[in-house]
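Engineer: If you're matching positions, the sequence shown starts at 7 in our numbering and goes up one per residue.
By construction, the Cβ of each residue, glycine as well, lies at the ideal position given by its N, Cα and C atoms.
Okay, handing you the structure first.
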Amino acid sequence: QEEEGQQSLECIQANQIFPKKSPVLEEENMQVPFPELHGEFTEYVGRAEDAIIATSNYRLHIKFKESVVNVPLQLIECAECRDMFQLHVTCKDCKVVRCQFSTFEQCQEWLKRLNTVVRPPSRLEDLFSFAFHAWCMDVYAGEKEQHGELCRPGEHVTSWFKNEVERMGFDTQNAWRISDINSKLCPSYPQQLLVPAWITDKELENVAAFRSWKRFPAVVYRLTTGAVIARCGQPEVSWWGWRNADDEHLVQSIAKACAVDSSSRKHLSNGSYTNGSDLPDTDFESSITNSSEVETLAIQPHKLLILDARSYAAAVANRAKGGGCECPEYYPNCEVVFMGMANIHSIRKSFQSLRFLCTQMPDPANWLSALESTKWLQHLSLLLKAALLVVNAVDRDHRPVLVHCSDGWDRTPQIVALSKLLLDPYYRTIEGFQVLVETEWLDFGHKFADRCGHGENSEDLNERCPVFLQWLDCVHQLQRQFPCSFEFNEAFLVKLVQHTYSCLFGTFLCNSGKEREDRHVQERTCSVWSLLRPANRTLRNMLYSSHSETVLHPVCHVRNLMLWTAVYLPSSSPTTPSDDSCAPYPVPGGNPEDTPLARRTKTRSFDNLPSACELGSALAPNRRSSDPSLNEKWQDHRRSLELNMAVGPEGGGSQLPCSRKEKGLETGEHGFIRTLNGGSKRPSVSAFQSVSADLSRDGLCNGDSSEAEPCGGPHWAKGNGEKAPLSRQVSLASCNSLILHPRGSCSQHRWCHALLSRAAISPEQPSRSHLDDDGLTLHTDAIQQRLRQIEAGHQMEVETLKKQVQELSMKLTDRLICLPPGYSEYNLDPNCLSRCSTELFSEASWEQVDKQDTEVTRWYPDHLAAQCYGCESRFWLATRKHHCRNCGNVFCASCCDQKIPVPSQQLFEPSRVCKTCYSNLQLSPAPLDMELEKPITASSN
C-alpha cells in the first residue's frame with residue numbers, strides 16, 4: 007500500500023507539479039517546429055523576418071531557411087536587442103545567435119520572453135531536468151527496473167572509490183587507510199578519503215582547520231611505482247605566518263607512505279605492519295618511530311613536489327585574505343613550484359574576448375593576431391604544461407605530488423584530472439572518463455552551479471567561469487595529438503559541453519556531492535551518462551587502439567594548439583554572417599540554373615557508397631555510369647546482400663515496393679516496440695522523443711526513390727504477401743546503427759524506441775535530421791563518418807566472401823551427393839575441397855565473369871604462385887612454373903609432367919595437366935556432367 011501511494015505521488019508530480027501548457031501561436035496555421043521531449047511544452051511560436059522562432063521550457067528553437075539553431079535555455083547567458091530589429095543571444099559556450107525581426111515591437115516582445123526564462127532559477131526544481139525525469143518515470147511506471155538504466159550512471163561510477171582503490175593497488179594494510187571522518191568535516195569532499203595509515207582522524211581535523219575551506223590533503227591517484235598524486239586547498243598562513251605541525255606532518259607522511267607502499271610488497275616476508283586505524287591515537291607516532299623496519303624502508307623517501315597553480319605574487323597576495331602558500335623551511339624534503347596560472351576572472355575575460363572574436367566576420371584580416379590577443383591558447387598551453395610537470399614527476403622521477411591552488415576546486419581539478427588522463431589509459435576509455443569526471447570534478451566539489459550560472463539565485467557574474475569547458479578543450483587538444491589513444495571521439499566532448507549547461511540532466515547541478523545528496527538530485531533527475539554510454543557507437547573513436555601509449559607526453563607549445571572549432575565555430579549555426587560568394591556548392595533545393603559554371607552539381611562520391619549499398623538502396627539519380635566507384639565489385643556486393651536479405655534465414659519472400667513516405671515504417675513501428683518490450687500490449691515511448699538522425703543516415707532507408715518506384719533495397723514479406731513486422735526487418739538487416747547489446751539491453755531498447763519514434767512523422771513537420779536524441783543539434787565528424795563507411799564496406803566484403811564460399815561448398819556437396827554410383831571414383835580430393843574453402847582468395851581469382859566464360863578454366867596468376875600446388879615446394883629463379891590446363895593451378899615440372907586431351911576446355915590435342923587431373927581424365931575422357939559451373943582456383947601459400 008505504501009508503494010502504491012508513492013507511485014500515485016509520482017504520477018501527481020509528473021502531471022500536476024510539472025503540468026504542460028498549450029503554446030501561444032502568433033499565427034493560427036503555425037505548429038510546433040520540433041519534437042518535444044518528455045515534460046517539455048512549447049510556450050511561444052512566432053515568425054521572424056527570415057525564420058520561425060519558438061521557445062519551450064527547455065530550449066530556444068530558430069529555424070532559418072538553410073539552417074536550424076537549437077539552444078537550451080540554460081545555455082543562454084544573456085539576450086539583448088541591437089539595431090532595433092535584431093535579437094542578439096549570447097551563449098555560455100561561445101556561440102552567438104542573431105535573429106532579425108520585421109518590427110521593433112516584435113523584437114522587444116521576444117526579448118522580454120527570453121529574459122524571463124534564461125535567468126537563474128529561484129528554486130532548483132524549476133530546472134527542466136526535474137520535469138524531464140518526472141515525466142520519464144510516468145511513462146516507465148510499469149517498468150521499474152528501467153529506472154536505473156535510464157536515470158542513474160553505471161556501477162563503475164556509483165562505486166568508484168572502492169573500485170579505484172582496488173584498481174590502483176593501494177596498500178591499505180601498511181601505507182594507507184580509508185578515513186570516513188569527512189562525512190562531518192569538509193562538505194565539498196567525498197565521504198571516504200585516502201590518507202597515510204598513521205595519520206589519525208584527530209590530526210585530520212587539525213589539518214582541515216588550517217586549510218582553505220577545510221580541504222586537507224587527500225590522495226587521489228597511485229601509479230604502479232608507488233608514487234601518488236594528492237590535492238588540497240591553500241594553507242591559511244595569513245600575514246602572521248601561521249604554522250600547523252599536523253599539516254606539516256601530514257605532507258611529509260604522504261612521501262613516507264609512498265616509500266612504504268612501494269617497498270612493503272618486497273619485504274612482506276620480513277614482518278607485517280600495523281594498520282594505523284587499529285591503534286589508539288597515542289600509539290600512532292610510537293608505532294612508526296619505534297619500528298626500525300619501517301624506518302629502514304622509508305629512510306630516504308622521494309622529495310615531494312608541491313605544485314601551486316598560482317603565481318608566487320598571487321600566492322603572497324592571498325596572505326592578505328588569510329591564505330598563502332607553504333614555506334619550504336617548514337616542510338622539509340618538499341619542493342614548491344609555482345605555475346603562474348590565471349584565476350577565474352582572467353579566464354572569464356579571455357573567454358569573452360574569444361567569444362567576441364568568433365562572432366566577427368568569417369575571415370578577418372587580423373584573425374591570428376586577434377586570437378593571440380585573447381590569450382585563450384596561452385592559458386591552455388600553461389594548463390598542459392602543469393599537467394605534464396606532474397606526469398614527469400610521478401612517472402619519471404617517482405616523486406609524490408601535492409596539487410593546490412587557492413580553494414582547490416578550479417585549477418586543482420584541471421591539473422589533477424589532466425595528469426590522470428595522461429598517466430592512465432583507463433581514463434581514456436568512455437567508462438574511465440566518466441569515473442574521472444565524477445571523482446575529480448563532481449565529488450571533489452567543483453562549483454558547477456556557480457561557475458555555469460544555473461544554481462539557485464546564482465546571478466553573481468564574478469563567480470561564473472568556463473573552467474570545465476577549458477579542461478575539455480585541453481582534452482580535445484590531446485585527442486588531436488593522440489588520435490588512437492582515446493576511446494571516445496570529438497562528438498562525445500561536444501555533447502559533454504552542451505549538457506554541462508543544458509540542465510537536461512542532473513549530473514552537473516549544485517556545487518558539491520553533499521549538496522546533490524541533500525537535495526536528492528540523483529533520485530529526481532537523469533544522469534548524463536545514460537546518454538554518453540559506451541554502447542553509443544556514434545560517440546566511439548574508430549581509430550582507438552587499446553595498445554597505444556600508456557603514458558602520453560603532449561607537445562604544449564602554443565603553436566601546436568588549435569582552436570576548437572566544433573564548439574566555438576560550429577558550422578551548423580548561422581551565428582556568423584556567411585559570404586555567398588564563398589559557397590563551394592549550390593544550396594540544396596536551389597535553382598540549378600543559378601549554379602556557377604565552374605561549380606557543377608557534385609555527384610555522390612565513393613565516400614557514401616558503402617552506406618548506400620549497405621542495404622542495397624537505389625543509387626542517386628545523378629549517379630554517373632562512368633563513376634569509378636560503381637565497379638563490378640560493389641554491384642556484386644549489392645546483389646548478394648539483396649539476395650541474402652530477401653531470402654532471410656526462414657525462407658524467401660517477394661519484394662514489396664517502398665514509398666518515399668516510409669509507409670512501412672509507420673505501420674510497423676508499434677510491432678517493433680512490442681517485440682522489444684517482450685510482448686507488452688502498450689507501445690513503450692522513448693525517453694527521448696526528439697529526432698537525432700533520419701532513417702537514411704542509420705541505414706534503414708536510403709536513396710531518393712519516387713512514391714510509385716520500388717526501392718532497390720531489400721524488403722521482407724510473409725508467404726501470403728503480408729508485411730513482416732518491422733522488428734523482423736531490422737533483425738534481418740545488417741545495420742550497424744541498431745546493435746542490441748546483451749548487457750544493459752533496456753537502455754538499448756529505449757534508444758531503438760527513440761529512433762523508431764521518429765519514423766512516423768507528419769508531412770507538415772520539418773525534417774528531424776538536425777536533432778539528436780537529447781533534442782540538440784547533431785555534431786558530425788567527417789573523419790569518423792568516413793571510418794564508419796570504410797568499416798561497413800569491409801564488413802560487407804567479408805560477408806560477401808563468406809557467402810560465396812558457403813554457396814560454393816553447398817554446390818560441391820550437392821553435386822557429390824547426386825553423382826551416380828558409377829561415378830564415385832571421380833570424386834574430387836577431399837583435401838583439395840577443404841583447401842578451396844579455407845584458403846584466402848585473391849581479388850583477381852574471384853572476379854566475376856560472364857556466364858558464357860564459365861566453361862573456360864581461369865588460370866591462377868603466375869606471379870602470385872609462391873610454391874607448387876601439388877608438392878608445395880617453393881619456386882625460385884631456376885624453377886619453371888607450369889599451369890595445369892584442366893584446373894588452372896600452378897605446379898612444378900615433376901607434378902605437371904603428363905599430357906592428355908582436355909575436351910572440357912576445348913583442348914583436343916594432348917595438353918599439360920597435373921597428376922590428379924590426369925588420373926581423372928584417364929578414367930573419364932569427357933565427364934562433362936561433372937564440370938562445375940565455376941571452376942575452382944585456389945591460391946597457394
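#1: Given a threshold of 16 other Cβ atoms within 10 Å of its Cβ, counted over all protein chains shown, does LEU929 qualify as buried or as exposed?
#2: Indicate the three-state DSSP secondary structure (helix, strand or coil) for SER518 in the structure shown.
#3: With a threshold of 8 Å, are at least 3 pairs of Cβ atoms found where one atom belongs to the segment 376-385 and the other to the segment 314-334?
#4: Does the distance from the CB of ASP401 to the CB of LEU229 come in under 8 Å?
#5: How is the alpha helix (DSSP H) around GLY438 delimited, first residue to last?
#6: According to DSSP, is ASN468 helix, strand or coil?
#7: How about the segment 35-48 and the segment 80-88: do they share at least three Cβ pairs that are nearer than 8 Å?
#8: So, LYS262 versus PRO193, is the Cβ gap smaller than 8 Å?
#9: Could you tell me the distance, in whole angstroms, from the CA atom of LYS26 to the CA atom of SER62?
#10: State the start and end residues of the unbroken beta strand (DSSP E) segment that holds TYR50.
#11: If we ignore side chains and look at the alpha-carbon of each, how far apart do LEU927 and PRO489 end up?
#12: Are LEU191 and ALA214 touching if we call contact CB-CB under 8 Å?
#13: Tell me whether THR178 sits in a helix, a strand or coil according to DSSP, three-state version.
#14: Could you compute how far the alpha carbon of ALA739 sits from the alpha carbon of PRO126?
#15: Just mark ASP449 as buried or exposed, buried being the case when its beta carbon has 16 or more other beta carbons within 10 Å.
#16: What is the DSSP secondary structure of LYS26, reduced to helix, strand or coil?
#17: DSSP state of THR949, grouped into three classes?
#18: Relative to the C-alpha of SER1022, which candidate in THR819, ASP479, HIS505 has its C-alpha closest?
#19: Hey, out of ARG354, ARG794, VAL561, whose CA is closest to TYR550's CA?
#20: Taking Cβ to Cβ, would you say VAL407 is nearer than 8 Å to ILE235?
#21: How many whole angstroms separate the CB atoms of ARG310 and CYS340, which I take to be in contact at a CB cut-off of 8 Å?
#22: Considering only the alpha carbon of each residue, which of SER269, LEU210, ALA251, PHE897 lies closest to ASP177?
#23: Where does ASN956 sit, in a helix, a strand or coil, going by DSSP?
#24: From the DSSP output, in three-state form, read off LYS101 for me.
#25: Tell me whether PRO368 is buried or exposed, calling it buried when 16 or more other Cβ atoms sit within 10 Å of its Cβ.
#26: Helix, strand or coil for TRP757, going by three-state DSSP, please let me know.
#27: Quick one: residues in its chain with C-beta nearer than 8 Å to the C-beta of LEU117, no 5 flanking neighbours on either side, listed in chain order?
#28: For the putative contact between ASP868 and VAL908, defined by C-beta atoms under 8 Å, what is the C-beta separation to the nearest angstrom?
#29: In this structure, does DSSP put GLY622 in helix, strand or coil?
#30: Whole angstroms are fine: how far does the CA of ILE823 sit from the CA of GLU915?
#31: ASN566: which of GLU209, LYS817, THR435, ARG486 sits nearest, CA to CA?
#32: Measure the C-alpha to C-alpha separation of ALA497 and PRO196 and round it to an integer number of angstroms.
#33: When you compare each of LYS327, ASP252, GLY232, GLY346 to GLU242 by their alpha carbons, which one comes out closest?
#34: If we call anything under 8 Å between Cβ atoms a contact, is LEU133 one with CYS509?
#35: Apart from the five residues just before and just after VAL163, which ones in its own chain have a Cβ nearer than 7 Å to its Cβ?
#36: Ordered along the chain, which non-local residues of its own chain (more than five positions away) have a Cβ less than 8 Å from that of CYS920?
Structural biologist: Let me spell this out:
#1: Your numbering for residue 929 matches position 923 in the sequence shown. That one is exposed.
#2: Here residue 518 refers to the residue found at position 512 when the sequence shown is read from its first residue. In the structure shown, SER518 sits in coil (DSSP, three-state: anything other than H, G, I, E or B).
#3: The way I'd put it, the segment 376-385 doesn't touch the segment 314-334; fewer than three beta-carbon pairs between them come closer than 8 Å.
#4: As a working mapping, residue 401 is identified with position 395 in the sequence shown. As a working mapping, residue 229 is identified with position 223 in the sequence shown. Between ASP401 and LEU229, the C-beta gap is smaller than 8 Å, which places the two residues in contact.
#5: On the sequence shown, residue 438 is found 432 positions in, with the first residue counted as 1. Segment 436-442, the alpha helix (DSSP H) holding GLY438.
#6: Along the sequence shown, read from residue 1 onward, the residue named residue 468 stands at position 462. Reduced to three states, the DSSP call for ASN468 is helix.
#7: The answer is no - the segment 80-88 does not touch the segment 35-48, with fewer than three Cβ pairs under 8 Å.
#8: In the sequence shown, the residue the question calls residue 262 occupies position 256. In the sequence shown, the residue the question calls residue 193 occupies position 187. No.
#9: Here residue 26 is taken as the residue at index 20 of the sequence shown, counted from 1. Here residue 62 is taken as the residue at index 56 of the sequence shown, counted from 1. Each residue's alpha carbon lies about 10 Å from the other.
#10: Locating residue 50 in the sequence shown gives position 44, where the first residue counts as 1. Secondary structure note for TYR50: its beta strand (DSSP E) is the uninterrupted segment 48-53.
#11: For the purposes of this step, residue 927 is taken as residue 921 along the sequence shown, with counting starting at 1. For the purposes of this step, residue 489 is taken as residue 483 along the sequence shown, with counting starting at 1. Cα to Cα, the separation comes out at about 59 Å.
#12: By one-based count along the sequence shown, residue 191 stands at place 185. By one-based count along the sequence shown, residue 214 stands at place 208. A contact, by the Cβ cut-off of 8 Å.
#13: Residue 178 sits at position 172 when you count from the first residue of the sequence shown. In the structure shown, THR178 sits in coil (DSSP, three-state: anything other than H, G, I, E or B).
#14: On the sequence shown, position 733 is the one that residue 739 refers to. On the sequence shown, position 120 is the one that residue 126 refers to. Because ALA739 sits at a pLDDT of 34, beneath the cut-off of 50, its placement in the model cannot be relied upon, and the point is left open.
#15: Residue 449 sits at position 443 when you count from the first residue of the sequence shown. Per the 10 Å Cβ criterion, buried.
#16: Taking the sequence shown and counting its residues from 1, one reaches residue 26 at position 20. In this structure, LYS26 counts as coil in the three-state DSSP scheme.
#17: No answer is possible for residue 949: the residues shown for the chain start at 7 and end at 947.
#18: What is shown of the chain runs 7 to 947, which leaves residue 1022 out entirely.
#19: On the sequence shown, position 544 is the one that residue 550 refers to. Checked all of ARG354, ARG794, VAL561; the closest Cα to TYR550 is ARG794.
#20: On the sequence shown, residue 407 is found 401 positions in, with the first residue counted as 1. On the sequence shown, residue 235 is found 229 positions in, with the first residue counted as 1. Against a cut-off of 8 Å, the Cβ pair of ILE235 and VAL407 comes out as a contact.
#21: Locating residue 310 in the sequence shown gives position 304, counting from the first residue. Locating residue 340 in the sequence shown gives position 334, counting from the first residue. Note on identity: in this sequence residue 310 is Leu, with Arg being the wrong assignment. That belief holds up - the Cβ atoms of LEU310 and CYS340 are roughly 5 Å apart, short of 8 Å.
#22: Here residue 177 refers to the residue found at position 171 when the sequence shown is read from its first residue. Of SER269, LEU210, ALA251, PHE897, the residue nearest in Cα terms is SER269.
#23: Residue 956 falls outside the range modelled here, since the chain spans only 7 to 947, and no answer is possible.
#24: Translated into positions along the sequence shown, residue 101 becomes position 95. Coil, per DSSP.
#25: In the sequence shown, the residue the question calls residue 368 occupies position 362. So PRO368 counts as exposed.
#26: As a working mapping, residue 757 is identified with position 751 in the sequence shown. Confidence in TRP757 is poor, its pLDDT being 40 and thus under 50, which makes the residue's placement too unreliable to answer from.
#27: Here the question's residue 117 lines up with position 111 in the sequence shown. Cβ within range, chain order: ALA85, GLU86, CYS87, LEU93.
#28: Locating residue 868 in the sequence shown gives position 862, where the first residue counts as 1. Locating residue 908 in the sequence shown gives position 902, where the first residue counts as 1. Going by Cβ atoms, the distance from ASP868 to VAL908 rounds to 19 Å, so no, they are not a contact pair.
#29: By 1-based counting over the sequence shown, the position of residue 622 is 616. Confidence at GLY622 is low in this model, with a pLDDT of 40, below 50, so its placement is unreliable and the value that follows should be read with caution. Coil at GLY622, not helix or strand.
#30: Stepping through the sequence shown from its first residue, residue 915 is reached at position 909. Stepping through the sequence shown from its first residue, residue 823 is reached at position 817. Straight-line Cα distance between these residues: approximately 32 Å.
#31: Mapped onto the sequence shown, residue 566 falls at position 560. For ASN566, the nearest C-alpha among the options comes from ARG486.
#32: For the purposes of this step, residue 497 is taken as the residue at position 491 of the sequence shown. For the purposes of this step, residue 196 is taken as the residue at position 190 of the sequence shown. ALA497 and PRO196: Cα-Cα distance of roughly 30 Å.
#33: Mapped onto the sequence shown, residue 242 falls at position 236. The candidate whose alpha carbon is nearest that of GLU242 is LYS327.
#34: Taking the first residue of the sequence shown as position 1, residue 133 is located at position 127. Taking the first residue of the sequence shown as position 1, residue 509 is located at position 503. Against a cut-off of 8 Å, the Cβ pair of CYS509 and LEU133 comes out as a contact.
#35: Counted from its first residue, the sequence shown places residue 163 at position 157. The residues are GLN440, VAL441, GLU444, TRP535.
#36: To locate residue 920, count along the sequence shown from 1; it is residue 914. If we look at CYS920 and ignore the five residues flanking it on each side, its Cβ neighbours are TYR875, GLY876, CYS890, ASN892, CYS893, ASN895, PHE897, CYS901, CYS902, GLN904.
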